[in-house]
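What follows is a single structure, written as structure tokens, with notes after it.
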Amino acid sequence: MISSKLAATLLYAYPALPNLISCYKKKLKYLYSFECNSREIAANVIYARIFRAGDVLENLVALRNAVTSALGFLSKEQREVVEGVYFKGVNKDKLSERLGVTRSLLRSRKNTALNKLRAYIEILGFTEQKVIEVFDDEPLFIDCAEKVAEAYALSRNFKSGGSGNE
Numbered sequence: 001m002i003s004s005k006l007a008a009t010l011l012y013a014y015p016a017l018p019n020l021i022s023c024y025k026k027k028l029k030y031l032y033s034f035e036c037n038s039r040e041i042a043a044n045v046i047y048a049r050i051f052r053a054g055d056v057l058e059n060l061v062a063l064r065n066a067v068t069s070a071l072g073f074l075s076k077e078q079r080e081v082v083e084g085v086y087f088k089g090v091n092k093d094k095l096s097e098r099l100g101v102t103r104s105l106l107r108s109r110k111n112t113a114l115n116k117l118r119a120y121i122e123i124l125g126f127t128e129q130k131v132i133e134v135f136d137d138e139p140l141f142i143d144c145a146e147k148v149a150e151a152y153a154l155s156r157n158f159k160s161g162g163s164g165n166e
């Protein structure tokens with residue numbers, strides 16, 4: 001099953017997927033254009049770029065569809081938590097207040113939702129290995145992964161009693 005960190009990375013990236021898909025469509029259109037093909041670039045280089053962009057575009061669309069489908073399996077409460085935490089970046093204190101639940105219940109809903117999403121996304125064809133192979137050099141996913149890594153590191157500091165300055 002995909003890791004919690006990778007699932008969180010995908011959820012942070014999810015709202016930006018439509019724009020990224022649009023960028024890859026424009027990139028493919030350019031690569032097929034006369035302007036690109038009239039430049040003195042070897043055909044095998046252009047073909048490799050087209051193949052890579054097409055592969056990433058296909059997987060971006062499939063990932064967007066997989067996450068959208070997986071979100072449909074969540075309860076209303078779990079979906080509200082996922083949307084607040086990952087899509088809108090709402091502070092957890094404000095989100096728990098807005099939803100009228102304690103922070104521990106909010107954390108429980110978030111963890112349950114994340115576990116469900118991990119399973120559904122993998123069932124829909126996205127293993128950890130596939131995600132890393134396809135999106136390993138995509139800046140959106142790199143930025144989201146760094147955001148998740150920082151959050152996990154900060155969380156560990158609080159749990160271990162560390163100051164974070166070590």
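Start counting the sequence shown at 1; every next residue gets the next number (full-length UniProt numbering).
Idealized CB from N, CA, C, for every residue including glycine.
For this session: Work out the CA separation of Glu-122 and Arg-39 for me, nearest whole Å.
Result: In a straight line, the C-alpha of Arg-39 is about 42 Å away from that of Glu-122.
Three-state secondary structure assigned by DSSP to Phe-51:
Helix at Phe-51.
Note to self: Beta-carbon within less than 7 Å of Lys-147's beta-carbon, same chain only, minus the 5 sequence neighbours each way: which residues are those?
What the structure shows: Same-chain partners within the cutoff: Tyr-12.
Worksheet entry | Complete alpha helix (DSSP H) runs within the stretch 14–93 (minimum length 4 residues, chain order) | Listed in chain order, they are 17–32, 34–37, 43–71, 76–82.
Beta-carbon proximity of Ala-145 to Thr-9, cut-off 8 Å: Cβ distance < 8 Å, so Ala-145 and Thr-9 count as in contact.
Assign Asp-143 to one of three DSSP states: helix, strand, or coil. Helix, per DSSP.
Practice task
Output yes or no for whether 8 Å exceeds the beta carbon distance between Ile-50 and Leu-31.
Solution key: It is a contact, given that the beta carbons lie within the stated cut-off.
In or out: Arg-118 buried (at least 16 other Cβ within 10 Å) or exposed?
-> So Arg-118 ends up on the buried side.
Exposed or buried, what is Tyr-47 when buried is set at 16 or more other beta-carbons lying within 10 Å of its beta-carbon?
Label assigned to Tyr-47: exposed.
Where Glu-83 and Asn-91 are concerned, what is the direct C-alpha to C-alpha distance, given to the nearest angstrom? Approximately 12 Å between the Cα atoms of the pair.
- Just how far apart, CA to CA, sit Leu-57 and Val-134? As the crow flies, the alpha-carbon of Leu-57 is around 10 Å from that of Val-134.
**Prompt:** With a cut-off of 8 Å, do at least 3 Cβ pairs link the stretch 97–112 to the stretch 52–71?
**Reply:** By the Cβ test, the stretch 97–112 is not in contact with the stretch 52–71, since fewer than three Cβ pairs between them sit closer than 8 Å.
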